[in-house]
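Start counting at 1 in the sequence shown, then tack on 159, and there's your number in our numbering. Ideal Cβ positions, reconstructed from N, Cα and C, are used throughout, including at glycine. Shown next, in structure tokens, is the structure this report addresses.
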Amino acid sequence: MAKRPSNTRGKIIDAALKCAAETRWRVVSLSTIAETAGISLSQLYTQFPSKTRIVEAVMERTTGEVVAGTDPSAENEPAHDRLLDAILRRFDAMEPNKSAIISILKDLPTDPARTLCLAPSFLNSMAWTLESAGISSSGVTGKIRTKGLAAIYLATLTVWMRDDSQDLSKTTAFVDRRLNQATQLAAFLPLGIVERSSDNQSE
160 MAKRPSNTRG KIIDAALKCA AETRWRVVSL STIAETAGIS LSQLYTQFPS
210 KTRIVEAVME RTTGEVVAGT DPSAENEPAH DRLLDAILRR FDAMEPNKSA
260 IISILKDLPT DPARTLCLAP SFLNSMAWTL ESAGISSSGV TGKIRTKGLA
310 AIYLATLTVW MRDDSQDLSK TTAFVDRRLN QATQLAAFLP LGIVERSSDN
360 QSE
């Protein structure tokens, strides 16, 4: 697991997750986050002018751990296996803060406008997940793959939230099944998220 940053930004993210784990995210105030982080409200504002930006930072931290965990020696493995591993690395990275992330996820629907603002960052995280699996996210094809992976990931989130197994077996089985379905779909739609031949085909 990637080392947690010791700077102000990292302290704020950790404080926000701690607060979210203790109470509903929607009632967590910026003042409470600043107090928990041991900083002034002004320092918090300098780093994160809103709670939405903090949520974006949590996603970025998770993506960073996914990318850092990429195994170059797995480049010859089937695309399905590489992508499965990349997706599971996301859930492994989130597992230590599961209660906090669930708190955040449950309250996102209560603020549709701010949730919509998270869409670009979310799709970017999916693009990096593809790239970490050695699958291109560039061009029109890459955008289709990214949106396809996003759909799979969002569906898997609901399974992960209820998965109380130590090895995330339910989550793993669900992702594997969805990726197999995507592979079958790719047989009819060459722009599917898991390519059947080369992962480096031209866009």
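So what's A174 in DSSP terms, helix, strand or just coil?
-> As a first step, residue 174 must be located in the sequence shown, where it is residue number 15. In this structure, A174 counts as helix in the three-state DSSP scheme.
R248 and G228: beta carbons closer than 8 Å?
-> Your numbering for residue 248 matches position 89 in the sequence shown. Your numbering for residue 228 matches position 69 in the sequence shown. Their beta carbons are under 8 Å apart, which means R248 touches G228 by this criterion.
What three-state label does DSSP hand R183 in the structure shown?
-> Locating residue 183 in the sequence shown gives position 24, where the first residue counts as 1. Here R183 sits in coil by DSSP.
With a 10 Å radius around its C-beta and 16 neighbouring C-beta atoms as the bar for buried, classify L176 as buried or exposed.
-> Your numbering for residue 176 matches position 17 in the sequence shown. Around the beta carbon of L176, 16 or more other beta carbons lie within 10 angstroms, which makes this residue buried.
Would you please state the rounded distance, in angstroms, between the beta carbons of I213 and I246? I believe it to be under 8 Å.
-> By one-based count along the sequence shown, residue 213 stands at place 54. By one-based count along the sequence shown, residue 246 stands at place 87. Actually they do not touch by this definition, with Cβ atoms about 24 Å apart.
Taking the runs of the beta strand (DSSP E) that are 3 residues or longer, which of them lie wholly in the stretch 311 to 348?
-> none
Would you call the CB atoms of N225 and W287 closer than 8 Å?
-> Counted from its first residue, the sequence shown places residue 225 at position 66. Counted from its first residue, the sequence shown places residue 287 at position 128. Position check: residue 225 holds Val in this sequence, whereas Asn was assumed. Less than 8 Å divides the Cβ of V225 from the Cβ of W287.
Please go through the same chain and pick out, in chain order, the residues whose beta-carbon is closer than 8 Å to the beta-carbon of R388, but skip the five residues on each side of it.
-> Shown here, the chain extends from 160 to 362; a query on residue 388 therefore has no answer.
Straight-line Cα distance separating K257 from R321 | Along the sequence shown, one-based indexing puts residue 321 at 162. Along the sequence shown, one-based indexing puts residue 257 at 98. Their Cα atoms are separated by approximately 10 Å.
Quick one: what does DSSP say A233 is sitting in, helix, strand or coil?
-> For the purposes of this step, residue 233 is taken as the residue at position 74 of the sequence shown. Three-state result, A233: helix.
Buried versus exposed, by CB contacts within 10 Å (16 or more), L155 = The displayed coordinates of the chain run from 160 to 362. Any statement about residue 155 would go beyond what the structure contains.
Which word fits L200, buried or exposed, when buried means at least 16 other C-beta atoms lie within 10 angstroms of its C-beta?
-> For this step, residue 200 is matched to residue 41 along the sequence shown. Answer is exposed; the Cβ neighbour count stays below 16.
Cut-off 6 Å between Cβ atoms - residues of its own chain near N339, not counting five sequence neighbours on either side = By 1-based counting over the sequence shown, the position of residue 339 is 180. If we look at N339 and ignore the five residues flanking it on each side, it has no Cβ neighbours.
Does the Cβ of V334 have 16 or more other Cβ atoms within 10 Å, making it buried, or fewer, making it exposed?
-> The count along the sequence shown starts at 1 and reaches residue 334 at position 175. With 16 or more other Cβ atoms within 10 Å, it is buried.
Simplified DSSP assignment, three categories, for L282 = Counting from 1 along the sequence shown, the entry for residue 282 is found at position 123. If DSSP states are grouped into helix, strand and coil, L282 belongs with the helices.
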